[in-house]
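Notes to accompany the following structure.
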Amino acid sequence: MAVLIDGKKLAERICAEVAREAAKLPRKPCLAAILVGDDPASEIYVRNKERDCLKCGIDSRRFDLPAGTAQEELLSLIDKLNRDGAVDGILVQLPLPEHIDESAVIDAISPDKDIDAFHPLNVGKMITGEPTLWPCTPAGIMEMFREYGISLDGKKCVMVGRSNIVGRPMGLLMLRENGTVIYCHRRTPDLAEMTRQADILVVAAGSPGLITGDMIKPGAVVIDVAMNRDPDTGKFFGDVCFDEVEKKASFITPVPGGVGPMTRAMLMKNILTAAKISLKQM
Ligand code: ADP
Numbered sequence: 017m018a019v020l021i022d023g024k025k026l027a028e029r030i031c032a033e034v035a036r037e038a039a040k041l042p043r044k045p046c047l048a049a050i051l052v053g054d055d056p057a058s059e060i061y062v063r064n065k066e067r068d069c070l071k072c073g074i075d076s077r078r079f080d081l082p083a084g085t086a087q088e089e090l091l092s093l094i095d096k097l098n099r100d101g102a103v104d105g106i107l108v109q110l111p112l113p114e115h116i117d118e119s120a121v122i123d124a125i126s127p128d129k130d131i132d133a134f135h136p137l138n139v140g141k142m143i144t145g146e147p148t149l150w151p152c153t154p155a156g157i158m159e160m161f162r163e164y165g166i167s168l169d170g171k172k173c174v175m176v177g178r179s180n181i182v183g184r185p186m187g188l189l190m191l192r193e194n195g196t197v198i199y200c201h202r203r204t205p206d207l208a209e210m211t212r213q214a215d216i217l218v219v220a221a222g223s224p225g226l227i228t229g230d231m232i233k234p235g236a237v238v239i240d241v242a243m244n245r246d247p248d249t250g251k252f253f254g255d256v257c258f259d260e261v262e263k264k265a266s267f268i269t270p271v272p273g274g275v276g277p278m279t280r281a282m283l284m285k286n287i288l289t290a291a292k293i294s295l296k297q298m
C-alpha cells in the first residue's frame with residue numbers, strides 16, 4: 017500500500033509560512049487578478065485565489081472585464097499594473113476568449129510580476145537554471161518530493177503530458193534534480209511501455225482513467241496532476257486509477273487533496289517572493 021502524499025496539509029503549512037513572512041514586510045504583498053469573461057470555472061479559480069490571499073496576509077485587487085473586451089484594452093490594463101509600484105503580482109486567468117492572443121498577453125506582463133511564471137523570459141531562466149519564479153504546479157510537486165524525502169537523482173522520471181503550464185516545466189525541474197526524463201504525449205505510441213519504466217511518474221493529461229495498475233512499476237512514485245470533473249456528481253478525480261495504482265506504488269497523491277492545494281499554495285509563495293524582490297528584502 018502506497019504512502020499518501022498529503023498535499024492539503026503541506027499546502028496549509030506553506031500558506032502559514034507565507035503569512036508569517038508577509039507580516040514581516042513593510043507593506044502587504046499585493047496580487048492583481050484579471051478575469052476576462054464569465055466562465056464559471058475561471059470565476060471559481062479566481063475567487064479561490066482571492067481567498068488564499070486573504071488567508072496569507074496578501075492584498076488582492078480583482079479586475080473583471082467583459083468577454084468582449086478588446087485585446088488592446090486588456091494590454092493597457094496590464095501596462096498600468098506593470099507600472100504600479102504597489103502591485104507585486106499580475107495574474108491573468110486563462111483561458112482567454114478566442115479573439116485575444118494568449119501569448120501577447122503573457123508577454124505583456126512584466127517578468128518581475130509574472131507570478132504564474134509563464135513569461136518566456138522566466139521560462140528561459142528556468143531552462144538555463146538562473147534563479148526565477150517557477151510555475152506553480154511543478155513547483156508544488158517539487159515541494160512534495162522534498163517533503164517526503166523522494167530523491168530524483170538518477171531516477172527514471174516519466175512525464176505524461178507536455179503542456180506549457182504543467183508537463184514541459186515539470187520535466188525540466190526533474191531534469192534539474194538529475195532525473196532521467198522521458199516525455200510522453202498524445203503521439204507516444206505505447207504509453208504503458210514508457211510508464212512501466214518509471215521510478216517517478218507524473219501524469220498531467222486530463223484523461224480520466226488513463227493510468228491503470230498494470231502500467232506501474234512496483235514501488236513507483238505516482239503524482240496525479242489532473243482535475244477531471246464528473247459532470248453528473250460534480251466530484252473531482254484524476255487520470256490515475258487510484259485503487260489499482262496505490263497497491264503497487266510507494267507514494268501516491270490523492271485527487272482532490274494532492275497537487276491542487278499545492279498549486280494554490282505555490283502561487284501565494286510566488287507573490288511573496290515577487291514582493292520581497294520588489295521591496296528589496298531578498
Ligand atoms: P495540462 O494543462 O493539465 O497539462 P493540457 O490539456 O494542456 O493539460 O495537456 C494535456 C497533455 O496531455 C498534452 O500534452 C497531451 O499530449 C497529453 N495527453 C493527453 N492524452 C494523452 C494520452 N492518452 N496519452 C499520452 N498523453 C496524453
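Sequential numbering from 17 applies to the sequence shown in this note's numbering.
Glycine included, every Cβ here is placed at the ideal spot set by N, Cα and C.
Checklist entry - With 16 other CB atoms within 10 Å as the buried threshold, where does D80 fall? => result Exposed, by the Cβ-count rule.
Next on the checklist: Nearer than 8 Å: is that true of the beta carbon of L26 relative to any heavy atom of ligand 1?
Outcome noted: No, since every heavy atom of ligand 1 falls outside the 8 Å radius drawn around the Cβ of L26.
Checklist entry - I think G105 touches A39, with their Cβ atoms under 8 Å apart; what is that distance to the nearest whole Å? => result Actually they are not in contact, since the Cβ atoms of G105 and A39 sit about 17 Å apart, beyond 8 Å.
Checklist entry - Should A291 go down as buried or exposed, given a rule of 16 or more other Cβ atoms within 10 Å for buried? => result With 16 or more other Cβ atoms inside 10 Å of its own Cβ, A291 counts as buried.
Checklist entry - Can a CB atom of chain D be found closer than 9 Å to the CB of P270? => result Considering every chain present, this structure includes no chain D. It has just one protein chain.
Item to check | As assigned by DSSP and simplified to three states, the class of M190 | outcome: Residue state, collapsed to three classes: helix.
Checklist entry - Considering V241, what are the terminal residues of the beta strand (DSSP E) in which it resides? => result Note, V241: premise wrong, no beta strand (DSSP E); not H, not E.
Item to check | C-beta atoms of L112 and G177 nearer than 9 Å | outcome: The Cβ atoms of L112 and G177 do not sit closer than 9 Å to each other.
Checklist entry - Just to confirm, are P151 and F134 a CB contact at a threshold of 9 Å? => result Yes, the pair counts as a contact, with Cβ atoms nearer than the cut-off.
Next on the checklist: Can you tell me whether A221 sits near ligand 1, meaning its C-beta is under 8 Å from at least one heavy atom of the ligand?
Outcome noted: At a cut-off of 8 Å, the beta-carbon of A221 counts as near ligand 1: some heavy atom of the ligand is closer than that.
Item to check | Check whether A220 and A236 have beta carbons under 9 Å apart | outcome: For A220 and A236, no; Cβs fall outside 9 Å.
Next on the checklist: What does the alpha-carbon distance come out to for the pair V197 and V238?
Outcome noted: Their Cα atoms are separated by approximately 15 Å.
Next on the checklist: For Q109 and I50, which I take to be in contact (beta-carbon distance under 8 Å), what is that distance rounded to the nearest angstrom?
Outcome noted: About 7 Å separates the CB atoms of Q109 and I50; that is less than 8 Å, so the two are in contact.
Checklist entry - Near N194, which residues of its chain fall below 7 Å by C-beta distance, leaving aside the five closest residues on each side in sequence? => result Same-chain partners within the cutoff: L168, D169 and G170.
Next on the checklist: Nearer than 8 Å: is that true of the beta carbon of A242 relative to any heavy atom of ligand 1?
Outcome noted: A242: yes, Cβ under 8 Å from ligand 1.
Checklist entry - Closest to L283 by CA distance: which of C173, L149 and S294 is it? => result Cα-wise, what sits closest to L283 is L149.
Next on the checklist: Please list the terminal residues of the continuous beta strand (DSSP E) segment that includes S179.
Outcome noted: Boundaries for S179: no beta strand (DSSP E) harbours it, and the DSSP string shows neither H nor E there.
Checklist entry - Would you report the Cα separation of D75 and E209, rounded to the nearest angstrom? => result If you take the alpha carbons of D75 and E209, they lie about 48 Å apart.
Checklist entry - Do the stretch 93 to 101 and the stretch 125 to 140 touch if we need at least three Cβ pairs shorter than 8 Å? => result A contact between stretches requires three or more CB pairs, one per stretch, nearer than 8 Å, and the stretch 93 to 101 meets this requirement with the stretch 125 to 140.
Checklist entry - How should R280 be labelled, buried or exposed, when 16 other C-beta atoms within 10 angstroms of its C-beta is the threshold for buried? => result With 16 or more other Cβ atoms within 10 Å, it is buried.
Checklist entry - Does DSSP put R162 in a helix, in a strand, or in coil? => result In the three-state scheme derived from DSSP, where H, G and I count as helix and E and B as strand, R162 is classed as helix.
Next on the checklist: ligand 1 and S301: does any heavy atom of the ligand fall closer than 8 Å to the residue's C-beta?
Outcome noted: Outside the shown range of the chain, which is 17 to 298, sits residue 301, and nothing can be said about it.
Item to check | DSSP-derived helix/strand/coil call for A120 | outcome: A120 sits in a helix when the DSSP states are folded into three classes.
Checklist entry - CB-CB under 7 Å to V182, same chain, minus the five flanking residues each way: which ones, in chain order? => result So the list reads T153, P154, A220 and V241, once near-sequence residues are dropped.
Checklist entry - Where does G23 land, buried or exposed, given buried means 16+ other C-beta within 10 angstroms? => result By the C-beta density criterion, G23 is buried, having at least 16 other C-beta atoms within 10 angstroms.
Checklist entry - S76 by DSSP, collapsed to three states: which one? => result Here S76 sits in strand by DSSP.
Checklist entry - When the distance is taken between beta carbons, is I287 closer than 9 Å to I157? => result Contact annotation: I157 and I287 have beta-carbon atoms that are not nearer than 9 Å.
Next on the checklist: Does R20 come out as helix, strand or coil in the three-state DSSP assignment?
Outcome noted: Correcting the residue identity first, residue 20 is Leu in this sequence and not Arg. L20 falls in the strand class under three-state DSSP.
Item to check | Cβ-based burial, L70 [other Cβ within 10 Å; buried from 16] | outcome: Within a 10 Å sphere around the beta-carbon of L70 sit fewer than 16 other beta-carbons, which makes this residue exposed.
Checklist entry - Around the Cβ of K65, are there at least 16 other Cβ atoms within 10 angstroms (buried) or fewer (exposed)? => result Residue burial annotation: K65 is buried, with at least 16 other C-beta atoms found within 10 angstroms of its C-beta.
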